[in-house]
Structure formats: structure tokens, C-alpha cells
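Just below is one structure, and these are the notes that go with it.
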Amino acid sequence: MPRPRRHAVLLVSALCLSLPLTACSSGSFGSGRPGADAGGRLTFALSSDPTCVDPHQAATSDAFYAARGIVDSLTDQDPRT
Numbered sequence: 003m004p005r006p007r008r009h010a011v012l013l014v015s016a017l018c019l020s021l022p023l024t025a026c027s028s029g030s031f032g033s034g035r036p037g038a039d040a041g042g043r044l045t046f047a048l049s050s051d052p053t054c055v056d057p058h059q060a061a062t063s064d065a066f067y068a069a070r071g072i073v074d075s076l077t078d079q080d081p082r083t
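Following the numbering used here, the numbering of the sequence shown begins with 3 at its first residue and continues without gaps.
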């Protein structure tokens, strides 16, 4: 009776391999919104005060992330121009 066991092992293997592939597929479900709303307010906590708003001179990662949120919007380029 090794034949049914082999089929069972192959079936279980196929199911285990197909599960990650279906999890990574791009389905049509989601929020249905094409993008984020403009404006608004984002509040986050830092372990220390940023010492500089230049991300190139930021001494800590907290200061870098805080400065990057400001500077990126100032240097954003429009691809149509």
C-alpha cells in the first residue's frame, strides 16, 4: 500500500507550496481608495528632540526621520515638468 501514501504526500506537498503563492497574489480586494488624502496631521513620538532639520547632519535616527518628513516635501519633483 505505498501508492496511496505517495499520493497523499504529493497532495500535501502541492497544497503547502501553493499556499504561499496565493498569499502573494495581487487580488482586487482592499480599501478601494486610489491614494492617500492630501494634507492632514501626523503625530509621532521621539526619544529625544531633533537638533537639526538637515537630514544629512542628523546625529540620531529620530532626528533623521523627523527631518526627512519635512525636507522630502520641499525637494519633491513633478515628473510632468
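Backbone N, C-alpha and C fix where the C-beta goes; we use that ideal spot for every residue, glycine too.
- Taken through DSSP and simplified to helix, strand or coil, residue 82 comes out as coil.
- When rounded, the separation of the alpha-carbon atoms in residue 48 and residue 63 is 10 Å.
- Per the coordinates, the alpha-carbon of residue 65 lies some 16 Å from the alpha-carbon of residue 44.
- Burial check for residue 68: the Cβ neighbour count within 10 Å reaches 16 or more, so the residue is buried.
- Put simply, the backbone Cα of residue 41 is about 22 Å away from that of residue 56.
- If you compare the alpha carbons of 7, 17, 54, 13 with that of residue 73, the shortest gap goes to 54.
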